[in-house]
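Number of protein chains: 2
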Amino acid sequence: MKKTALIMAGGRGERFWPKSRKMLPKQFLSLTNDEKTMLQLTVERILPLVDMEDIYIVTNNYYKSLVLEQLPDLPNQNILCEPIGRNTAPCIGLGAVHVASKYEDALMIVLPSDHLIKSNELFMQTLSDACLVAMEDSNLVTIGITPNYPETGYGYIKINPSKKKRQAFCVEQFTEKPDYKTAQQYLESGRHFWNSGMFIWKVSSILYNMSTFLPDTYDGLMKIKDSIGSPKEFRVLEDIFPGFTSESIDYGIMEKADNIYILPGNFGWDDVGSWLAIERIKGTDGEKNTISGNTIAINTHNCIIEASDKLIAAVGIEDMIIVDTADATLICPKNKSGDIKKILEHLKKENNTKYL
Amino acid sequence: MKKTALIMAGGRGERFWPKSRKMLPKQFLSLTNDEKTMLQLTVERILPLVDMEDIYIVTNNYYKSLVLEQLPDLPNQNILCEPIGRNTAPCIGLGAVHVASKYEDALMIVLPSDHLIKSNELFMQTLSDACLVAMEDSNLVTIGITPNYPETGYGYIKINPSKKKRQAFCVEQFTEKPDYKTAQQYLESGRHFWNSGMFIWKVSSILYNMSTFLPDTYDGLMKIKDSIGSPKEFRVLEDIFPGFTSESIDYGIMEKADNIYILPGNFGWDDVGSWLAIERIKGTDGEKNTISGNTIAINTHNCIIEASDKLIAAVGIEDMIIVDTADATLICPKNKSGDIKKILEHLKKENNTKYL
Numbered sequence: 002m003k004k005t006a007l008i009m010a011g012g013r014g015e016r017f018w019p020k021s022r023k024m025l026p027k028q029f030l031s032l033t034n035d036e037k038t039m040l041q042l043t044v045e046r047i048l049p050l051v052d053m054e055d056i057y058i059v060t061n062n063y064y065k066s067l068v069l070e071q072l073p074d075l076p077n078q079n080i081l082c083e084p085i086g087r088n089t090a091p092c093i094g095l096g097a098v099h100v101a102s103k104y105e106d107a108l109m110i111v112l113p114s115d116h117l118i119k120s121n122e123l124f125m126q127t128l129s130d131a132c133l134v135a136m137e138d139s140n141l142v143t144i145g146i147t148p149n150y151p152e153t154g155y156g157y158i159k160i161n162p163s164k165k166k167r168q169a170f171c172v173e174q175f176t177e178k179p180d181y182k183t184a185q186q187y188l189e190s191g192r193h194f195w196n197s198g199m200f201i202w203k204v205s206s207i208l209y210n211m212s213t214f215l216p217d218t219y220d221g222l223m224k225i226k227d228s229i230g231s232p233k234e235f236r237v238l239e240d241i242f243p244g245f246t247s248e249s250i251d252y253g254i255m256e257k258a259d260n261i262y263i264l265p266g267n268f269g270w271d272d273v274g275s276w277l278a279i280e281r282i283k284g285t286d287g288e289k290n291t292i293s294g295n296t297i298a299i300n301t302h303n304c305i306i307e308a309s310d311k312l313i314a315a316v317g318i319e320d321m322i323i324v325d326t327a328d329a330t331l332i333c334p335k336n337k338s339g340d341i342k343k344i345l346e347h348l349k350k351e352n353n354t355k356y357l
Numbered sequence: 002m003k004k005t006a007l008i009m010a011g012g013r014g015e016r017f018w019p020k021s022r023k024m025l026p027k028q029f030l031s032l033t034n035d036e037k038t039m040l041q042l043t044v045e046r047i048l049p050l051v052d053m054e055d056i057y058i059v060t061n062n063y064y065k066s067l068v069l070e071q072l073p074d075l076p077n078q079n080i081l082c083e084p085i086g087r088n089t090a091p092c093i094g095l096g097a098v099h100v101a102s103k104y105e106d107a108l109m110i111v112l113p114s115d116h117l118i119k120s121n122e123l124f125m126q127t128l129s130d131a132c133l134v135a136m137e138d139s140n141l142v143t144i145g146i147t148p149n150y151p152e153t154g155y156g157y158i159k160i161n162p163s164k165k166k167r168q169a170f171c172v173e174q175f176t177e178k179p180d181y182k183t184a185q186q187y188l189e190s191g192r193h194f195w196n197s198g199m200f201i202w203k204v205s206s207i208l209y210n211m212s213t214f215l216p217d218t219y220d221g222l223m224k225i226k227d228s229i230g231s232p233k234e235f236r237v238l239e240d241i242f243p244g245f246t247s248e249s250i251d252y253g254i255m256e257k258a259d260n261i262y263i264l265p266g267n268f269g270w271d272d273v274g275s276w277l278a279i280e281r282i283k284g285t286d287g288e289k290n291t292i293s294g295n296t297i298a299i300n301t302h303n304c305i306i307e308a309s310d311k312l313i314a315a316v317g318i319e320d321m322i323i324v325d326t327a328d329a330t331l332i333c334p335k336n337k338s339g340d341i342k343k344i345l346e347h348l349k350k351e352n353n354t355k356y357l
């Protein structure tokens with residue numbers, strides 16, 4: 002069966018300020034690789050399985066030119082722009098009807114555009130296995146990351162280890178972000194996986210489930226589908242999409258549907274959720290620093306320093322994040338990285354849009 | 002008697018890196034005042050007492066153009082360039098022979114170019130009092146700053162409180178930088194003052210003492226004096242000055258001569274010796290920060306932040322010094338400010354002269 006991919010690239014991502022900006026969010030940055038952006042790496046990674054003409058990017062009008070610039074080989078019509086963000090269910094629905102208007106049925110691999118994957122080979126293997134499960138019946142398949150520490154910032158998915166289909170386990174429950182003690186129990190149980198936000202299904206399966214659990218959204222999506230390729234396509238999208246209820250695919254479909262399967266992912270995954278991820282990904286030097294750019298660090302330990310051309314001279318500092326860009330420099334202790342959003346709040350309050 | 006001034010402006014000053022550079026040392030920076038440099042403030046301060054044409058600046062060839070630029074009203078021939086640094090005794094000697102070649106005798110007020118004085122009025126009063134003492138006999142007068150904390154980084158001068166001449170006390174002893182316990186004793190004694198490096202004497206007095214205590218330097222200075230205004234002036238200076246023994250005026254003359262008097266200075270003095278001085282001078286805000294330039298500081302306390310045009314965004318930091326310039330940014334905890342010189346050592350070692 003034809004394989005297609007839907008890459009979600011509409012996220013704002015404020016946690017990588019000052020490198021990420023309102024008009025340049027995380028997925029368009031080269032955070033984990035010196036040359037390629039996270040979106041480019043995501044596309045490149047899927048190419049052994051999916052033809053470029055079958056890769057769809059869902060984004061919005063603000064970021065369309067960035068997508069065009071970063072993916073010059075992608076057909077223009079494969080860039081789908083949401084008129085307004087309505088969470089993942091309408092986003093995936095929009096992709097689904099575009100695939101459905103092209104193929105009678107096809108496999109859809111839904112991927113975030115801003116995650117790191119270390120082994121492309123193992124990732125391809127996992128996706129291929131997932132496709133086999135997704136092709137049977139109307140199974141909805143997700144990838145669950147095997148946890149290696151009690152992370153409290155992710156949702157978890159609980160499996161039923163005795164109910165398997167090929168390499169996939171039957172999903173017993175989706176759970177919210179746990180507290181630390183619960184996360185430790187999850188880790189020890191061996192029955193909980195991190196929710197990666199990656200999904201594999203047939204277009205027919207997801208649309209069938211939408212018609213069941215999100216019927217209003219489904220009806221709207223069908224009208225959008227009918228307009229695709231016609232002169233009124235853009236106007237129909239602008240009319241209908243903003244009326245969709247904001248809903249995540251997890252809550253709207255996955256937690257309610259039957260036939261939900263999960264494939265354990267052990268390909269080296271990181272959601273690159275904050276500056277702290279950079280040291281996990283890039284590793285540290287002998288002083289336990291992760292340093293790039295024009296930097297002098299003396300008696301400096303456990304720091305993340307991302308310099309650009311300007312010299313960053315650090316003396317005697319510990320456990321800090323320092324990020325320098327052309328017009329702004331961040332200085333923040335690692336244990337306060339969650340407060341970076343307070344800078345953005347302050348800038349918004351002062352209407353200082355230049356740095357947002 | 003005619004009053005002249007000799008302002009010493011040849012110092013390198015590495016402690017204000019990255020604002021101070023080899024080609025732009027502290028005295029040429031606006032550290033304490035938004036508009037005027039420390040040298041400009043020093044000249045402006047003395048003008049009620051000394052005519053511009055009687056103010057001499059001792060510097061070197063590297064900084065001559067900076068002096069010309071910052072003091073456009075100063076006569077060109079009043080800028081004296083040492084071919085090489087030989088500490089304060091030859092520096093002051095060079096100034097003295099220039100004054101001696103212009104006036105049969107005159108008062109000389111010798112001042113550093115990089116100190117802060119809060120009350121110009123009280124400072125003028127102190128200098129006027131000092132001039133009265135200096136005019137009598139061949140007295141050598143210095144200004145001693147009344148200590149208000151047990152500073153271990155300054156030399157101290159001990160007075161004999163029972164031997165006074167006008168407002169001045171007879172100097173009993175010059176002492177080296179004390180340890181903390183000794184500094185506390187000095188503070189409690191009421192008999193010790195900080196050595197400010199400011200001196201007042203007649204040209205005849207200092208040259209007489211040089212002939213006694215530094216006879217070789219005196220002989221060379223006389224040859225320089227004879228050449229002043231002649232076509233060979235520059236060549237004689239270049240020939241003779243580098244041969245002088247490097248010697249401070251304190252060790253070479255003041256600790257050995259008789260008739261040394263000290264006037265207590267209570268005009269609000271700061272030697273602006275490091276970035277830490279900036280918060281003493283500029284004061285702190287409600288969060289105990291001293292902040293200037295384009296800055297957002299959130300949950301940030303006890304910090305010195307000198308930004309320029311680029312936005313410095315500090316979140317959750319304490320007790321730090323952050324200084325941003327066009328090509329380099331310093332990040333250093335306050336208690337490690339002495340290590341700023343290690344950056345310069347590193348740059349020198351790497352032959353990275355751009356930032357020196």
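Residue numbers (this note's numbering), protein chains in the order written: chain A, 2 to 357; chain B, 2 to 357. Positions of the beta carbon are idealized from the N, C-alpha and C atoms, including for glycine. In this text, all values refer to a predicted model and were calculated from it rather than measured experimentally.
Residue pairing of GLN174(A) in beta bridges, as defined by DSSP: LYS159(A). Not a single CB atom of chain A sits nearer than 8 angstroms to the CB of HIS302(B). Counting along the chain, ALA184(A) sits inside the alpha helix (DSSP H) bounded by residues 181 to 190.
Closest option to LYS311(A), judged by alpha-carbon separation, among LYS233(A), ASN295(A), ILE318(A) and SER163(A): ASN295(A). Across the structure, ASN196(B) and VAL172(B) are spaced so that their CA atoms are roughly 11 angstroms apart. Residues of the stretch 132 to 152 of chain B with a C-beta less than 7 angstroms from any C-beta of chain A: none at all. Within the same chain, PRO151, GLU152 and THR153 come within 7 angstroms of ALA184(A) by CB-CB distance, once the 5 residues on both sides are set aside.
Ranked by Cα distance from LEU357(A), the first of ASP340(A), ALA329(A) and LYS335(A) is ALA329(A). Residue pairing from DSSP leaves THR354(B) without any beta-bridge partner. One Cα belongs to SER205(A), the other to ILE158(A), and the distance between them is close to 24 angstroms. Within a 10 Å sphere around the beta-carbon of ALA327(B) sit fewer than 16 other beta-carbons, which makes this residue exposed.
Nearest Cα to LEU69(B) within the set GLN186(B), CYS92(B) and VAL44(B): VAL44(B). Around the Cβ of TYR181(A), a 10 Å sphere holds fewer than 16 other Cβ atoms; the residue is exposed.
Nearest CB-CB separation between GLY317(A) and chain B: below the 8 angstroms threshold.
ILE8(B) has its alpha-carbon roughly 11 angstroms from the corresponding atom of MET39(B). Per DSSP, the beta bridge partners of SER293(A) are GLU307(A). Annotation: ASN352(A) to GLU83(B) spans about 54 angstroms, alpha carbon to alpha carbon.
DSSP places ASP325(B) in the uninterrupted beta strand (DSSP E) bounded by 321 to 325. Between HIS116(A) and ILE297(B), the C-beta gap is not smaller than 8 angstroms, which leaves the two residues out of contact. Judged by their CB atoms, ALA90(A) and ILE254(A) are nearer to each other than the 8 angstroms cut-off. By alpha-carbon distance to PRO265(B), the top candidate from GLY96(B), ILE80(B) and ILE160(B) is ILE160(B). By the rule that beta-carbons nearer than 8 angstroms mark a contact, CYS333(A) touches chain B. In the DSSP assignment, GLY96(A) falls within the alpha helix (DSSP H) that extends over 89 to 103. Taking 8 angstroms as the cut-off, the beta carbon of ILE201(B) is found no closer than this to the beta carbon of LEU81(B). Among the residues facing chain B, ALA329(A) is included, as its CB has a counterpart in that chain under 8 angstroms away. LYS178(A) counts as exposed, since fewer than 16 other beta carbons sit within 10 angstroms of its beta carbon. Annotation for LEU133(A): the continuous alpha helix (DSSP H) segment containing it runs 121 to 136. Under DSSP, PHE200(B) shares a beta bridge with VAL111(B) and THR143(B).
If you compare the alpha carbons of ASN34(B), MET24(B) and ASP52(B) with that of SER66(B), the shortest gap goes to MET24(B). When C-alpha distances from ASP340(A) are compared across ILE299(B), LEU345(B) and ILE341(B), the shortest belongs to ILE299(B).
In the DSSP assignment, LYS4(A) is bridged to LEU108(A). Not a single C-beta of chain B is nearer than 8 angstroms to the C-beta of PRO26(A). In terms of beta-carbon proximity, LEU312(B) lines the interface with chain A, with at least one pair separated by less than 8 angstroms. Taking C-beta separations shorter than 8 angstroms and ignoring five residues to either side along the sequence, the partners of ARG22(A) in its chain run TYR356 and LEU357, following chain order.
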